[in-house]
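Here is the structure we will look at.
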């Protein structure tokens, strides 16, 4: 644990959930700073973080736009705008859905896969640099716990978002 996190963990009145939340905010902030300072490595004009998420999701296989929006908890209009950027850049193609000729599937192109590979390499290089001096056990534990957090977020976030949206809607009525 670094000095700020260690000091924070020892502070009375701050629980683990708050520490995790603050740490995630710091990681995101520093990640955004690194991205801004190092560039976006082959990203098309109009690139956004969520656009990368679209590509990452499509890497798993062709998907309908609505399925991508649902999986990423984004508004369909947001996905539509991002997909238009990706198609224009040659990173995604639209193809006919064999199950429904009226619908189209989004398919990542080889160029899209290359952009993902560049981003992964840059992310790996940054993280390897940041934790290079950590003991192997700490690196392993970080990987295990972050993977567990990501799994929990993917599993539980949709229901949480739905419940918050429902509560807001009921509060507005």
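In this note's numbering, the protein residues as written are 5 to 177.
Backbone N, C-alpha and C define an ideal beta-carbon position, used for all residues, glycine too.
Small disclaimer: the values here were computed from a predicted structure and weren't measured.
- For the stretch 56-137, the continuous alpha helix (DSSP H) assignments of 4+ residues that do not extend past its boundaries occur at 69-75, 80-92, 114-134, in sequence order.
- When the Cα atoms are used, residue 129 and residue 105 turn out to be separated by approximately 43 Å.
- Taking the CA atoms as reference points, residue 134 sits about 45 Å from residue 174.
- Residue state for residue 19 is assigned as coil, using DSSP reduced to three classes.
- Non-local C-beta neighbours of residue 82 in its own chain, meaning closer than 8 Å and more than five positions away in sequence, comprise 54, 73, ordered along the chain.
- Following the DSSP letters along the chain, one finds residue 162 inside the alpha helix (DSSP H) bounded by residues 140-176.
- Fewer than three beta-carbon pairs drawn from the stretch 87-94 and the stretch 20-35 are found closer than 8 Å, and the two stretches are therefore not classed as touching.
- Two segments are said to touch when three or more pairs of C-beta atoms, one from each, lie closer than 8 Å; by this definition the stretch 99-116 does not touch the stretch 19-27.
- In this model, residue 96 and residue 66 are separated by some 10 Å (Cα to Cα).
- Residue 85 and residue 78 have their C-alpha atoms some 11 Å from each other.
- Of all alpha-carbon atoms in 162, 168, 153, 159, the one lying nearest the alpha-carbon of residue 21 is that of 153.
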